[in-house]
Amino acid sequence: MLPLDKLEMLRQGGYQVAVRGREVEIEFATPTLGDAASDPELGGERRRFVVKGVVEGDVVRLTEAYVEDQTGVRDRVNLRDLELWIDYINSL
Numbered sequence: 065m066l067p068l069d070k071l072e073m074l075r076q077g078g079y080q081v082a083v084r085g086r087e088v089e090i091e092f093a094t095p096t097l098g099d100a101a102s103d104p105e106l107g108g109e110r111r112r113f114v115v116k117g118v119v120e121g122d123v124v125r126l127t128e129a130y131v132e133d134q135t136g137v138r139d140r141v142n143l144r145d146l147e148l149w150i151d152y153i154n155s156l
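Under my numbering, the first residue of the sequence shown carries the number 65, and numbering increases by one thereafter.
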């Protein structure tokens with residue numbers, strides 16, 4: 065879970081955050097593989113990393129996460145794999 069007040073910090077950190085009623089969507093674009101590896105020959109494809117959740121009181125309960133490529137293909141991300149990211153956000 066993420067404290068609701070951390071969403072503004074995510075926005076300031078370059079994430080796109082949308083709140084529609086109780087639904088929350090957090091998104092950011094990954095660097096290209098070439099940028100990440102400092103090797104442009106590895107490719108220029110960007111991906112979207114999306115985390116969805118539901119507002120419950122003063123926290124957001126995460127419900128789904130995935131990585132989406134430029135063609136719209138989505139690869140599901142296990143929410144347990146986000147624990148370090150959540151800990152980091154909570155420490156801000």
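Each residue gets a CB set at the ideal place from its N, CA and C atoms; glycine is no exception.
- By the Cβ-count criterion, A100 is exposed, with fewer than 16 other Cβ atoms from all chains shown falling within 10 Å of its own Cβ.
- In the DSSP assignment, R86 falls outside any beta strand (DSSP E), carrying neither H nor E.
- In the three-state DSSP reduction, G78 falls in the coil class, being neither helix nor strand.
- Separation of G77 and V137 (C-alpha to C-alpha, rounded to the nearest whole angstrom) is 26 Å.
- Per DSSP, reduced to three states, the secondary structure at P95 is coil, with no helix or strand assignment.
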